[in-house]
Amino acid sequence: MKSGAILMAGMLALMATPGAAQSLAQAPVPKGIPNTWIDIMGAPQEMQDRLIGQRRDIRFTLAVGATGRPTGCTHNGSDALGRDVGALTCEQAMRRARFTPAADAAGNPVAGQWSGRAVWCYGDSCLHR
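Numbering-wise (the numbering used here), the sequence shown opens with residue 405 and increments by one.
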């Protein structure tokens, strides 16, 4: 790790979106604090080094099963670094995220989706929007 470097991998919840073919009474609700799911210190050193002076804004969507555990993840990373950071975002969110599952009109747990955003930066790129 570089001495004195600013490290940041913040995550902000954007919205919860219902499953495509279902009418949900309630979308999945995160348990705990979503900002704790993503952590730059969990990134390999090589990726941290690639992020120096860079910033990647990764939007991702978790498929959430009726048990409240993620079952899949997609992201919008488009360039090489964005794809790598997006994959790490999904990996960390899949491992750490837990939800109160979505519910149908009868209150039964059903699958749904939850979308969020992770901002990855390292060094001075964290200071500028």
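Here a beta-carbon is modelled for each residue, glycine too, at the ideal position from N, C-alpha and C. None of the values given here were measured: they were computed from a predicted structure.
{"query": "Residue range of the beta strand (DSSP E) that includes cysteine 525", "result": "516 to 526"}
{"query": "Boundaries (first-last residue) of the alpha helix (DSSP H) holding threonine 493", "result": "484 to 500"}
{"query": "Glycine 481 burial status per 10 Å Cβ neighbour count (16 or more: buried)", "result": "buried"}
{"query": "Where the alpha helix (DSSP H) through leucine 455 begins and ends", "result": "449 to 455"}
{"query": "For glycine 511: DSSP bridge partner residues", "result": "Per DSSP, none; premise fails for glycine 511."}
{"query": "Whole-Å CB distance - isoleucine 442 paired with tyrosine 526, under 8 Å assumed", "result": "That pair is no contact at about 13 Å."}
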